[in-house]
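Asker:
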Amino acid sequence: MQVRPRRGFESTSEKLFSRVASRTTLLLLLLAATLASTTQLAAQAAASVTLLKASRMLDPRNGRVLASAAVLIEGDKIKQVGSSSEIGVPAGAKIIDLGTATMLPGLIDGHTHLLLDIVLPPEAERARRYNGTFVPDLLLAIVESPSKRVLLGAQHAREYLECGITTVRNLGHSGIDGDTELRDAINAGRIPGPRLAASGRKLITRASYVQSLNPALTDAILQQEFLLIDGADGARQAVRQNEFQGVDVIKVTADANLTVAELTAVVEEAHRAGLKVAVHAVDKTSIQTAIDAGGDSIEHGNEVTEQQLKQMRDKGIFFDLTPTSYGDFFTKIFQGTIAESLTMRAARLEADESDRQRYHDLAEQVRQSGFHGGFEAHDNQLYDSLVQRVLKSGVKFAAGTDMCWHYPGKTCGQASTSRFPTLHAAGMPSLDVIRAITTNAAEMLGWQDRVGAIERGKFADIVAVSGDPIADISELERVRFVMKGGQVVRNELLSH
Ligand SMILES: [Zn+2]
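Listed below in structure tokens is the structure:
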């Protein structure tokens, strides 16, 4: 129904009122505009200026090291980069001198799951409660309180930032809106954390991940964590659903059940909305589906062939290496988990001191022993060859930790940064490792205009280590200074 305007029946007082009202509106608008520009000026005047200095600054793009480096920061952006002698110090600038340290761009983890903290279960429990690739804790994460889960994500976000990871791409397992809300809370300054590219719910086919759920509740459970792809139209719907939720990237799991037509629909719909598509693909068939459909990055890619690497290179598809289980990672967390539970039991024991001591000794034995629970999921030799083939192929590559495990004795950030040096152990030169988690990762995210390099106009996301990360890549596990957007998060280096 439309309401007709009362033309011809306007009283004089009404006319007068409307004239006064419009004049008042004009005045108010003028006042608001003046206030806005005054506020803007005040904000500009208040934008803090910082001069950050260190003996060395590594540029991952070309491997050059600038001696006596200085970075002039205004507000949250980099204004000027050069040697100390080139850059004048503006009046009132705050000076932070990192001494003999090496500065490099803030680290970027291309593949995270901030809202997971899985305790690795013993083999017997895994076998008894077999549920596809889902360990019991993964299911628990879905059915627990989303509020509790997002607070866990907040803890992890802080831990990542403290370890020098200033940007992450979070690829699923966050409930419906856990990671988009976490991102917004960080951006609003409510909690500390890295810049976060959020994928929202992961798109999967019905056969992926979870089996043996209560049939009466299956869909209700799945919808808390995933969007199901069922045909090309369903695939488009799933992307739109995430788009509505305000995601930054689309994450899809490709398996033997996902068709090229379905994934192509996902890619088309995502690209239409300006979103990139990260495809989890491990086996040859899934990797081929991802290539044929034109995904933007392939996550994991364990079984990639030479031919597929060539196709990826020609199409400009990123290879996102995830060295999560490389080395003795699972042995370490398995030992740690058993030792932790023995220590906790000792603490609870009401028995005498000698009993408690026995448990403590046992815990220490487990920590020290070569004993493990058979969780070496990865053939390290295969991983070495994968890393070297990726390097040789000329395909664009980045790296992500895929960290989702509870690592006793380490924060989530420490567990994650322990993964980067393993790329070097697998044969990747240090400079390429650093590129994989700075410059290259920024391009993979499509954020190369804002992060990934210490350059004028980019966010002042800068970290520093005491030594030379090219000579010793494990320096990345010991980040001593962290700045995000011009704000110092951590500084363990003496200021002179
Ligand atoms: Zn993952």
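Heads up: the sequence shown begins at 28 in our numbering, then just goes up one per residue. Idealized CB from N, CA, C, for every residue including glycine. Just so we're clear, the structure is a prediction, and the values are computed from it rather than from any experiment.
(1) Examine ligand 1 and report whether any of its heavy atoms sits within less than 7 Å of the Cβ of residue 472.
(2) Whole beta strand (DSSP E) runs in the segment 158-201 with 3 or more residues, listed along the chain?
(3) Mind pulling the beta strand (DSSP E) runs of 3 or more residues that sit fully within the segment 413-441?
(4) Sorted by chain position, which residues of the same chain lie with C-beta nearer than 6 Å to residue 221's C-beta, five sequence neighbours on each side aside?
(5) Note the first and the last residue of the continuous alpha helix (DSSP H) segment covering residue 483.
(6) If residue 349 sits next to residue 138, beta carbons under 8 Å apart, how far is it from one beta carbon to the other, in whole angstroms?
(7) Just checking residue 429 against ligand 1 - is the residue's beta carbon closer than 7 Å to any of the ligand's heavy atoms?
(8) Could you pull out every residue in the same chain whose Cβ sits closer than 8 Å to the Cβ of residue 28, ignoring the five residues on either side in sequence?
(9) Give the DSSP-derived three-state secondary structure of residue 518 in the structure shown.
(10) For a test of the three-state rule: what should DSSP assign to residue 213, helix, strand or coil?
(11) Are at least three pairs of beta-carbons, each pair with one atom in the segment 430-449 and one in the segment 126-140, less than 8 Å apart?
(12) Out of 124, 97, 250 and 125, state which residue places its alpha-carbon closest to the alpha-carbon of residue 112.
(13) According to DSSP, residue 136 sits in a beta bridge with which residue or residues?
(14) Would you say the beta carbon of residue 387 is closer than 7 Å to some non-hydrogen atom of ligand 1?
(15) Express the C-alpha separation of residue 242 and residue 461 in angstroms, rounding to a whole number.
(16) Could you give the DSSP three-state label for residue 302: helix, strand or coil?
(17) Residues in its own chain within less than 6 Å of residue 321 by CB, not counting five upstream and five downstream?
(18) Determine the burial state of residue 408: buried for a count of at least 16 other Cβ atoms within 10 Å of its Cβ, exposed for fewer.
(19) Thinking residue 84 and residue 129 are a contact (beta carbons under 8 Å), I'd like their distance in whole angstroms, please.
(20) Is it buried or exposed for residue 285, if we count other Cβ within 10 angstroms and need 16 for buried?
(21) Output the boundary residues of the alpha helix (DSSP H) element that contains residue 339.
(22) Does DSSP put residue 84 in a helix, in a strand, or in coil?
(23) DSSP state of residue 238, grouped into three classes?
(24) Roughly how many angstroms lie between the CA atoms of residue 68 and residue 74, to the nearest whole one?
(25) So, for residue 145: in the same chain, excluding its five sequence neighbours on each side, which residues have a beta-carbon less than 7 Å away from its beta-carbon?
(26) Return the chain-ordered list of same chain residues with a C-beta closer than 6 Å to the C-beta of residue 300, the five sequence neighbours on each side being excluded.
(27) Ends of the alpha helix (DSSP H) at residue 362?
(28) Among 343, 134, 76 and 123, which has the Cα closest to the Cα of residue 496?
(29) If you count every other CB in all the chains shown that lies within 10 Å of the CB of residue 210, and 16 or more means buried, which is it?
(30) Near residue 338, which residues of its chain fall below 6 Å by C-beta distance, leaving aside the five closest residues on each side in sequence?
(31) State the CB to CB distance for the pair residue 325 and residue 347, rounded to an integer number of angstroms; the pair is presumed to be in contact (CB under 8 Å).
(32) Could you say which of 282, 287 and 276 lies nearest to residue 472 if we only look at CA atoms?
(33) Do the CB positions of residue 103 and residue 479 come within less than 8 Å of each other?
(34) From the DSSP secondary-structure annotation, give me the bridge partner or partners of residue 76.
(35) Could you give the C-beta distance for residue 505 and residue 491, rounded to a whole number, given that I count them as a contact under 8 Å?
(36) Return the CA-CA distance between residue 307 and residue 123, expressed in angstroms with no decimal places.
Answerer: Walking through what the data contain:
(1) In this structure, the C-beta of residue 472 stays at least 7 Å away from each heavy atom of ligand 1.
(2) 192-197
(3) 424-426
(4) 187, 188, 192, 193, 194 and 195
(5) No alpha helix (DSSP H) contains residue 483, which DSSP labels as neither H nor E.
(6) By a beta-carbon distance limit of 8 Å, residue 349 contacts residue 138. Their separation comes to about 6 Å.
(7) Yes - ligand 1 has a heavy atom lying nearer than 7 Å to the Cβ of residue 429.
(8) Because the pLDDT at residue 28 is just 41, under 50, the model does not fix this residue reliably, and the point stays unresolved.
(9) strand
(10) It is helical.
(11) Output reads yes: the segment 126-140 touches the segment 430-449.
(12) 97
(13) 195
(14) no
(15) Roughly 47 Å separates the two Cα atoms.
(16) Here residue 302 carries a coil assignment [DSSP, helix/strand/coil].
(17) Close CB contacts of residue 321 within its chain, under the 6 Å cut and outside five residues either way in sequence, are with 294 (chain order).
(18) exposed
(19) 7 Å
(20) Counting the other Cβ atoms within 10 Å of the Cβ of residue 285 gives 16 or more, which makes it buried.
(21) 333-342
(22) strand
(23) coil
(24) Only weak support exists for where residue 68 lies, its pLDDT of 46 falling under 50; the value from the coordinates is given anyway. Approximately 10 Å between the Cα atoms of the pair.
(25) 162, 164, 165, 431, 432 and 433
(26) 270
(27) 356-375
(28) 134
(29) buried
(30) 318
(31) 7 Å
(32) 276
(33) Not a contact, by the Cβ cut-off of 8 Å.
(34) 101
(35) Not really, about 11 Å apart at Cβ, beyond 8 Å.
(36) 42 Å
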